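Asks:
Number of protein chains: 2
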Amino acid sequence: MRILEEIGLDFLNDEARAILRSAGCDVDADGARVRMDRAFVSEQIAKAPAEFIITPRNPERAISIGGNTAAFGSVASPPNVTDLDRGRRVGNRADFQNLLKLTQAFNCIHFNSGYPVEPVDIHPSIRHLDCLYDLLTITDKAVHAYSLGTERIEDAMEMVRIAAGLSSEEFEAAPRMFTNINSTSPLKHDWPMLDGAMRMARRGQPTVVAPFTLAGAMAPVTLAGAVAQQTAECLGAIALLQVIRPGVPVVYGAFTSNVDMKSGAPAFGTPEYMRAMQISGQLARRYGLPWRGSNANAANSPDGQAIWESVFSLWGVTSGHVNMVMHAAGWLEGGLVASFEKFVMDCELLQQLSYYHQAVGTSEDELAIDAIRQVGPNGNFFDCDHTRARYRDAFYSPFLSDWRNFESWQESGSPKSHQHANRIWQQVVAEFEPPEMDPAISEELGDFVARRKEEGGAPTDF
Amino acid sequence: MRILEEIGLDFLNDEARAILRSAGCDVDADGARVRMDRAFVSEQIAKAPAEFIITPRNPERAISIGGNTAAFGSVASPPNVTDLDRGRRVGNRADFQNLLKLTQAFNCIHFNSGYPVEPVDIHPSIRHLDCLYDLLTITDKAVHAYSLGTERIEDAMEMVRIAAGLSSEEFEAAPRMFTNINSTSPLKHDWPMLDGAMRMARRGQPTVVAPFTLAGAMAPVTLAGAVAQQTAECLGAIALLQVIRPGVPVVYGAFTSNVDMKSGAPAFGTPEYMRAMQISGQLARRYGLPWRGSNANAANSPDGQAIWESVFSLWGVTSGHVNMVMHAAGWLEGGLVASFEKFVMDCELLQQLSYYHQAVGTSEDELAIDAIRQVGPNGNFFDCDHTRARYRDAFYSPFLSDWRNFESWQESGSPKSHQHANRIWQQVVAEFEPPEMDPAISEELGDFVARRKEEGGAPTDF
Numbered sequence: 052m053r054i055l056e057e058i059g060l061d062f063l064n065d066e067a068r069a070i071l072r073s074a075g076c077d078v079d080a081d082g083a084r085v086r087m088d089r090a091f092v093s094e095q096i097a098k099a100p101a102e103f104i105i106t107p108r109n110p111e112r113a114i115s116i117g118g119n120t121a122a123f124g125s126v127a128s129p130p131n132v133t134d135l136d137r138g139r140r141v142g143n144r145a146d147f148q149n150l151l152k153l154t155q156a157f158n159c160i161h162f163n164s165g166y167p168v169e170p171v172d173i174h175p176s177i178r179h180l181d182c183l184y185d186l187l188t189i190t191d192k193a194v195h196a197y198s199l200g201t202e203r204i205e206d207a208m209e210m211v212r213i214a215a216g217l218s219s220e221e222f223e224a225a226p227r228m229f230t231n232i233n234s235t236s237p238l239k240h241d242w243p244m245l246d247g248a249m250r251m252a253r254r255g256q257p258t259v260v261a262p263f264t265l266a267g268a269m270a271p272v273t274l275a276g277a278v279a280q281q282t283a284e285c286l287g288a289i290a291l292l293q294v295i296r297p298g299v300p301v302v303y304g305a306f307t308s309n310v311d312m313k314s315g316a317p318a319f320g321t322p323e324y325m326r327a328m329q330i331s332g333q334l335a336r337r338y339g340l341p342w343r344g345s346n347a348n349a350a351n352s353p354d355g356q357a358i359w360e361s362v363f364s365l366w367g368v369t370s371g372h373v374n375m376v377m378h379a380a381g382w383l384e385g386g387l388v389a390s391f392e393k394f395v396m397d398c399e400l401l402q403q404l405s406y407y408h409q410a411v412g413t414s415e416d417e418l419a420i421d422a423i424r425q426v427g428p429n430g431n432f433f434d435c436d437h438t439r440a441r442y443r444d445a446f447y448s449p450f451l452s453d454w455r456n457f458e459s460w461q462e463s464g465s466p467k468s469h470q471h472a473n474r475i476w477q478q479v480v481a482e483f484e485p486p487e488m489d490p491a492i493s494e495e496l497g498d499f500v501a502r503r504k505e506e507g508g509a510p511t512d513f
Numbered sequence: 052m053r054i055l056e057e058i059g060l061d062f063l064n065d066e067a068r069a070i071l072r073s074a075g076c077d078v079d080a081d082g083a084r085v086r087m088d089r090a091f092v093s094e095q096i097a098k099a100p101a102e103f104i105i106t107p108r109n110p111e112r113a114i115s116i117g118g119n120t121a122a123f124g125s126v127a128s129p130p131n132v133t134d135l136d137r138g139r140r141v142g143n144r145a146d147f148q149n150l151l152k153l154t155q156a157f158n159c160i161h162f163n164s165g166y167p168v169e170p171v172d173i174h175p176s177i178r179h180l181d182c183l184y185d186l187l188t189i190t191d192k193a194v195h196a197y198s199l200g201t202e203r204i205e206d207a208m209e210m211v212r213i214a215a216g217l218s219s220e221e222f223e224a225a226p227r228m229f230t231n232i233n234s235t236s237p238l239k240h241d242w243p244m245l246d247g248a249m250r251m252a253r254r255g256q257p258t259v260v261a262p263f264t265l266a267g268a269m270a271p272v273t274l275a276g277a278v279a280q281q282t283a284e285c286l287g288a289i290a291l292l293q294v295i296r297p298g299v300p301v302v303y304g305a306f307t308s309n310v311d312m313k314s315g316a317p318a319f320g321t322p323e324y325m326r327a328m329q330i331s332g333q334l335a336r337r338y339g340l341p342w343r344g345s346n347a348n349a350a351n352s353p354d355g356q357a358i359w360e361s362v363f364s365l366w367g368v369t370s371g372h373v374n375m376v377m378h379a380a381g382w383l384e385g386g387l388v389a390s391f392e393k394f395v396m397d398c399e400l401l402q403q404l405s406y407y408h409q410a411v412g413t414s415e416d417e418l419a420i421d422a423i424r425q426v427g428p429n430g431n432f433f434d435c436d437h438t439r440a441r442y443r444d445a446f447y448s449p450f451l452s453d454w455r456n457f458e459s460w461q462e463s464g465s466p467k468s469h470q471h472a473n474r475i476w477q478q479v480v481a482e483f484e485p486p487e488m489d490p491a492i493s494e495e496l497g498d499f500v501a502r503r504k505e506e507g508g509a510p511t512d513f
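First to last, the protein sequences are chains A and B.
Quick note, the first sequence lines up with residues 52 to 513 if you use this note's numbering.
Quick note, the second sequence lines up with residues 52 to 513 if you use this note's numbering.
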């Protein structure tokens, strides 16, 4: 609050500043700086719902954001893609589509966080059209739209509306999708991000505001300072959106991590990240907002480091009662590459975590005193009635863990987990069947894409 | 308590049963079964300290067991050993000694949990003499003695006493070492384990009582039932030790995990293990006892699975406020093999966890409002004064993580974390210097070993 009051944020968007000026904020006459006092900020934030539901075209895939639930989303936005067979390469549409198949196939992935890899083989002016088409036809889970220019965000909203067979009024009546905007830390919100978020807000669609506050680089080297700055940048944009459409769903986005002080490289899944996430969760609850974290790591391959950084990330966010986890599956190299094998390994982690959060029963039956009495000191529980009645569903059964004894494992070629993951993603892609879509809707969506391509898509200078 | 009252435990040790009978327990006339009521159990447990200190020969290595501290111990008892260069082989003294060097060298390892690998090349009758000699000369950290027969435990106590230059009276005045006993689940305490624990108790030395309650095998398939049985088996033995020496330090040992219901193989680091550990922590606190968990996994190599199962294990125990973690570094294959690379990888995890548990400061300086003001929206924090003054110690600096960018990493041969770990353990072993020991003590210890070898060591039938 002191940062917002005393220092302020730069809103690099005339419209946003005009709105905030009208709302009583202190806006620089000849610059972009906006200061807002804590009473104003608190009043705006209080309008945001603590929990809301995003309903994609398949209503069975609706996800709750907030409260006691955590929704997991696929990796988003890496420029590169990798797998064990073909190695690392620049993102392309074929890999984009295959990653969507994994997103759709795994039940533990609840939404699309964005483009699972940037399909660089499609020209940027029309890329969003092909990508949204693929997202809406290969998956029926909630989609994200990038706030990267007016045409892109408006096209995305229209395509989501068409795919769900909704009128504009129906579309605007409830959250159907979301956008994630990043501040340009320190203390700056850029034009396209603000433009996209404001357009989404006007149509009742949710925005995640996730400052990119790496401690020691774009934010103070101290965790408390970095999280304070994250919070100020986040709340400033949320206040704007609440002025525009009071009650529009928003999410407190937490991305604070640290850099390697030797090289300046971003680090994730570190002790600093874990604590920043837990503090972020406390702050989100203080402000009554749902919050978003990530499953992040800075490893170059799906090795031990990738897994410990990922599990530490998941530890930090889930113990902080996260509501929305972006990049929950498939992220490597600090987000520079999407990995097919890591995607599958992450799904194993997410399933284990979901199971871990189930309550442990302590009924008389579950305390099993009678079974213990019956088996006694000279028996075992493998074949007693109590076990027989429960063993099928007693424990979580992993799909990726190799629990064979060493000899059997060695005989089968000593497969490592990333090799098992390789086999599994290939199988999922090979057996994939797209979710159903009414042919009339599919045609309308195709026509929209074709028309917008003819019109040139989004303007670029190349 | 109902298990101890209504069902009882088998104590396969005449002396133990005689002691419990004298103390008023209901002991079968013609069997091994002992029933004890909850008032008796509660009264005995209440005598045990909630926290105690083990002081090894180097008092600077003293460790607190209980309260808000967690002590980490090396892997113990695998029959096999493995490393990347030489593969998997049967345990031997050379590897035993090298693993002790790692135990000594890493500050995050606070005690020896036992033999880091079973040196099968030493005859069992004299193995404990050579092993204790190595433990007490290659490390100066607290040691564990196996309760596997009268001679072994008595010899171990004498050697610990000699190594610390203590009189018998001084040795018995405070905890200097520990033993870990496992019940033979379900519901049974065997002769050698009870004999060892009773001998340790008489000399004031601590015992960890860790039932081996795998849900679905030696314990009920339900978590509540398995942990209830674990608790009964544990408290029964602790009650006995408190009758023998009121106030002797004891530890509630938690080892409950589940089996793979398809094969019966033990599984670790599972959602069931995590929850069993958290419940165990709650029970230990209910009974006012320190508690012990493990860093366990069932992977066959130091791959992704090994790490996720390990981090999940560490998550379960540390979030459950564990006091003592056995097998904290080096365990693979459900304890059938000690891995040099996994030892180093685990040390990286332990260091990160230690750092994670440090409090986050929120002083005016740490909130960094002035630094944020000074840097403003158009600067960065890399070179501001606030960062300059703090960057050296601002973040945990991992020794094993490879945070280079992909290109540099690839140029250096794309090393995976287990390959980095391989390089590191070899370097630690090569540069190892044993801790100081007074030559007179070293000689006395050697003489003791020589004399006991001449006497035949511990009797065996082969």
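Glycine is no exception: its CB is placed at the ideal position from the N, C-alpha and C atoms.
Given the structure is predicted, the values throughout are model-derived calculations rather than measurements.
1. Applying a beta-carbon distance threshold of less than 8 angstroms, which residues of chain B neighbour A279/A?
2. Within this structure, are the beta carbons of F123/B and P226/B separated by less than 7 angstroms?
3. Below 7 angstroms between beta carbons: does that hold for Q402/A and C182/A?
4. Look up D77/A in the DSSP assignment and give the residues it is bridged to.
5. Assuming the contact rule is C-beta atoms closer than 8 angstroms, S465/A and S352/B should be a hit. Round their C-beta distance to whole Å, please.
6. Using DSSP with H/G/I as helix, E/B as strand and the rest coil, what is H195/A?
7. Taking one C-beta from the stretch 445 to 457 of chain A and one from the stretch 328 to 339 of chain B each time, how about it: are there three or more such pairs within less than 8 angstroms?
8. When you compare the CB of H469/A with every CB in chain B, is at least one pair closer than 7 angstroms?
9. Touch check for the stretch 277 to 294 of chain A and the stretch 357 to 367 of chain A: three-plus C-beta pairs under 8 angstroms?
10. Check this for me: beta carbons of A347/B and S364/B, under 7 angstroms apart or not?
11. For a quick check, are the C-beta atoms of D172/B and R140/B less than 7 angstroms apart?
12. Express the C-alpha separation of V85/B and D79/B in angstroms, rounding to a whole number.
13. For the beta strand (DSSP E) containing G138/A, list its first residue and its last residue.
14. Please classify K467/A as buried or exposed, where buried requires at least 16 other C-beta atoms within 10 Å of its C-beta.
15. So, is R137/A buried or exposed, given that buried needs 16 or more other C-beta atoms within 10 angstroms?
16. What would DSSP say about W454/B, mapped onto helix, strand or coil?
17. When the Cα atoms are used, what is the spatial distance from D444/B to P257/A?
18. Report buried or exposed for T511/B, applying the criterion of at least 16 other Cβ atoms within 10 angstroms of its Cβ.
19. For P490/B, which of helix, strand or coil comes out of DSSP?
20. Taking 7 angstroms as the limit between beta carbons, can you name the residues of its chain near M488/A, skipping five residues before and five after?
21. What is the residue span of the beta strand (DSSP E) that H378/A lies within?
22. M312/B versus chain A: which residues are under 8 angstroms apart at the beta carbon?
23. Quick one: which chain A residues come within Cβ less than 7 angstroms of H437/B?
24. In chain B, which residues lie less than 8 angstroms from Q403/A when you measure between Cβ atoms?
25. Name, in chain order, the residues that DSSP records as bridge partners for P317/A.
26. Using the three-state DSSP reduction, which class does L387/A fall into: helix, strand or coil?
27. Do the CB positions of S234/A and P262/A come within less than 7 angstroms of each other?
28. Out of curiosity, what's the CA-to-CA distance linking S493/B and A214/B?
29. How many whole angstroms separate the CB atoms of L186/B and N163/B, which I take to be in contact at a CB cut-off of 8 angstroms?
30. Apart from the five residues just before and just after E56/A, which ones in its own chain have a Cβ nearer than 8 angstroms to its Cβ?
31. Out of G82/B, Q155/B and I70/B, which has the shortest C-alpha to C-alpha gap to N429/A?
32. Say whether chain A places a C-beta atom closer than 7 angstroms to the C-beta of M325/B.
33. Mind checking whether I96/B and N374/B have CB atoms under 7 angstroms apart?
34. Helix or strand or just coil, what does DSSP make of L63/A?
35. Would you verify that the beta carbon of K239/B is, or is not, closer than 7 angstroms to some beta carbon of chain A?
36. Beta-carbon of M396/B versus every beta-carbon of chain A: anything under 7 angstroms?
Replies: Checking against the coordinates, here is how it stands:
1. Residues of chain B passing the Cβ test: L418, A419, I420 and I423.
2. No, the Cβ-Cβ distance between F123/B and P226/B is not below 7 angstroms.
3. Contact: no.
4. Residue pairing by DSSP places D77/A opposite R86/A in a beta bridge.
5. About 7 angstroms; that satisfies the 8 angstroms criterion.
6. Here H195/A sits in strand by DSSP.
7. With a cut-off of 8 angstroms, the stretch 328 to 339 of chain B and the stretch 445 to 457 of chain A do not count as touching, because too few Cβ pairs lie within range.
8. Output row for H469/A: interface = yes.
9. Cβ pair count under 8 angstroms is below three, so no.
10. The answer is yes: Cβ separation under 7 angstroms.
11. Going by C-beta atoms, D172/B is not nearer than 7 angstroms to R140/B.
12. Straight-line Cα distance between these residues: approximately 6 angstroms.
13. That run of the beta strand (DSSP E) goes G138 to V141.
14. K467/A comes out buried.
15. So R137/A ends up on the exposed side.
16. DSSP places W454/B in the coil class of the three-state scheme, outside both helix and strand.
17. So the two alpha carbons sit approximately 39 angstroms from each other.
18. Looking at its Cβ environment, which holds fewer than 16 other Cβ atoms inside 10 Å, T511/B is exposed.
19. Judged by DSSP in its simplified three-state form, P490/B adopts helix.
20. Counting only residues of its own chain and dropping the five nearest sequence neighbours on each side, M488/A has a CB closer than 7 angstroms to the CB of T188.
21. Residues M375 to A380.
22. Neighbours of M312/B on chain A, chain order: Y442, R443, A445, F446 and S448.
23. Chain-ordered, the chain A residues with CB closer than 7 angstroms to the CB of H437/B read P271 and V272.
24. Here the neighbours are T321, P322, W359 and F363.
25. The secondary-structure analysis by DSSP pairs P317/A across a beta bridge with V310/A.
26. Looking at L387/A - three-state DSSP - the assignment turns out to be coil, as it is neither helix nor strand.
27. Yes, they are a contact pair.
28. If I take the Cα positions, the gap works out to 7 angstroms.
29. Yes, L186/B and N163/B are in contact; Cβ-Cβ is about 6 angstroms, under 8 angstroms.
30. Answer for E56/A: R86, M87, D88 and R89, listed in chain order.
31. For N429/A, the closest alpha carbon among the candidates G82/B, Q155/B and I70/B is that of G82/B.
32. Proximity of M325/B to chain A, defined by a Cβ-Cβ separation below 7 angstroms, is satisfied.
33. Taking 7 angstroms as the cut-off, the beta carbon of I96/B is found no closer than this to the beta carbon of N374/B.
34. Residue state, collapsed to three classes: coil.
35. K239/B counts as touching chain A.
36. Contact of M396/B with chain A is assigned, a C-beta pair being separated by under 7 angstroms.
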